[in-house]
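Everything below concerns the one structure shown next.
Residue numbers (the working numbering): 986 to 1052.
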């Protein structure tokens, strides 16, 4: 029983250093779903297209050339 406990502690110590994360998109350096590439995902971005007009006031929130 004592050796089992030591083995279990050793396995837990080895596995505690493992870390998983979501790597950025290698092509652009930003995460997917970020139209204006400002580092804020589109689903929470208040200005999706980066034209300076908030989405609520923007008639076309996905087109940076029109507002």
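We put the CB at the ideal spot given by N, CA and C, even for glycine. From a predicted model like this one, the values you see are computed outputs, not experimental measurements.
Where the alpha helix (DSSP H) through residue 1026 begins and ends
Element bounds for residue 1026: n/a, residue is neither H nor E.
Where residue 1051 and residue 1017 are concerned, what is the direct C-alpha to C-alpha distance, given to the nearest angstrom?
23 Å
Can you tell me whether residue 1033 is buried or exposed? The criterion is at least 16 other CB atoms within 10 Å of its CB, across all chains shown.
buried
Hey, how far is the Cα of residue 1023 from the Cα of residue 1000?
35 Å
Per-residue DSSP class, three states only, for residue 1001:
coil
Three-state secondary structure assigned by DSSP to residue 988
helix
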